[in-house]
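The structure appears below as structure tokens.
In full-length UniProt numbering, the protein residues as written are 1 to 106.
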């Protein structure tokens, strides 16, 4: 049986759940959305969750490390990405290749 891999992406407040909306969406968020879609096809056993501070505040509180960082650094700490509850990146999103590497190392 394969080891379960859960990737959580804790994001700053956004206008919608994906952050890819409005007249000029952030290209980093568009790249992230594309990477997630590709990863979901290539690694169906991996669970990828996105939590925006304003839509999922309880998820921030459920991870002690994330909660502490946000409490200390406010939204400057975000985004925070965890793999199996361990923070692997802060203040920026992973690229597709970085996601693949994180999955393989999980």
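No residue lacks a Cβ here, since even glycine has one placed at the ideal position from N, Cα and C.
Please state the DSSP three-state secondary structure of residue i.
i: residue 124; result: Because the chain here runs from 1 to 106, residue 124 falls outside it and cannot be looked at.
i: residue 71; result: helix
i: residue 104; result: helix
So which of the options has the shortest CA-CA distance to residue i?
i: residue 9; options: 33, 15, 74; result: 33
i: residue 94; options: 4, 5, 29; result: 29
i: residue 102; options: 83, 43, 61; result: 83
For residue i, list the residues DSSP reports as bridge partners.
i: residue 90; result: 80
Complete runs of the beta strand (DSSP E) confined to the segment 2–66 [at least 3 residues]: 5–11, 46–52
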